[in-house]
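Engineer: So that we are looking at the same thing, I have put the structure below in structure tokens.
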Amino acid sequence: MTIPIATITSFRTVYNPFSRASRPCRLFLGMLRTPNTIPTSSPTHIDIKVKQLPRDSTEPPTMTVGFKGGKELTLDVGKRGLKIGDVIEEVSRVGRALQREASLKN
Numbered sequence: 367m368t369i370p371i372a373t374i375t376s377f378r379t380v381y382n383p384f385s386r387a388s389r390p391c392r393l394f395l396g397m398l399r400t401p402n403t404i405p406t407s408s409p410t411h412i413d414i415k416v417k418q419l420p421r422d423s424t425e426p427p428t429m430t431v432g433f434k435g436g437k438e439l440t441l442d443v444g445k446r447g448l449k450i451g452d453v454i455e456e457v458s459r460v461g462r463a464l465q466r467e468a469s470l471k472n
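Residue numbers (my numbering): 367 to 472.
Next comes the structure, spelled out in structure tokens:
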């Protein structure tokens, strides 16, 4: 399943890089940081903000994905025990719905 990068405008995550539960946050962040999304002049630029917690932190990892049109998807990765496939599926589902809405308006 692919990530609809064209519909994503921002990505915020808070995670402990040493925690096993934070793996989906790290992997998804790696998927979003591409040469096309880094420059601010790019039409597919994604505003990425990362907060890394200390090693002994017990705060669960979370991520918030902002989409065009102002819609935001907040995923409590640690509480729900999500894997990277689950995260991609959720983000893709919302992205496809937004693409469908945009195509119906035009």
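Even for Gly, the Cβ is constructed at its ideal location relative to N, Cα and C.
Just so you know, these numbers come straight off a predicted model, no measurement behind them.
Compare the C-alpha of Val431 against each of Val416, Ala387, Lys471 and name the closest.
Structural biologist: Closest option to Val431, Cα to Cα, is Val416.
Engineer: Roughly how many whole angstroms lie between the Cα atoms of Asn402 and Ile412?
Structural biologist: For Asn402 and Ile412, the distance between alpha carbons rounds to 9 angstroms.
Engineer: Roughly how many whole angstroms lie between the Cα atoms of Met429 and Ser469?
Structural biologist: Between Met429 and Ser469, the C-alpha separation is close to 27 angstroms.
Engineer: Between Phe433 and Thr424, what straight-line distance do the alpha-carbon atoms span, to the nearest angstrom?
Structural biologist: Rounded to the nearest angstrom, the two C-alpha atoms are 29 angstroms apart.
Engineer: Starting from Leu439 and walking both ways along the beta strand (DSSP E), at which residues does that stretch end?
Structural biologist: 438 to 441 is the span of the beta strand (DSSP E), which, as asked, contains Leu439.
Engineer: According to DSSP, Val416 sits in a beta bridge with which residue or residues?
Structural biologist: BP columns for Val416 point to Thr379.
Engineer: For Ile371, which of Arg399, Tyr381, Ser388 has the nearest alpha-carbon?
Structural biologist: Comparing Cα-Cα distances from Ile371 to each of Arg399, Tyr381, Ser388, the minimum goes to Arg399.
Engineer: Give me the Cα-Cα distance between Phe377 and Ser458, rounded to the nearest whole angstrom.
Structural biologist: Those two C-alpha atoms are separated by around 14 angstroms.
Engineer: Report the three-state DSSP secondary structure of Ser371 (helix, strand or coil).
Structural biologist: Contrary to the premise, residue 371 reads as Ile rather than Ser in this sequence. Here Ile371 sits in helix by DSSP.
Engineer: Identify the continuous beta strand (DSSP E) that holds Gly432 and give its terminal residues.
Structural biologist: That run of the beta strand (DSSP E) goes 428 to 433.
Engineer: What are the start and end residues of the alpha helix (DSSP H) that includes Arg462?
Structural biologist: That run of the alpha helix (DSSP H) goes 450 to 471.
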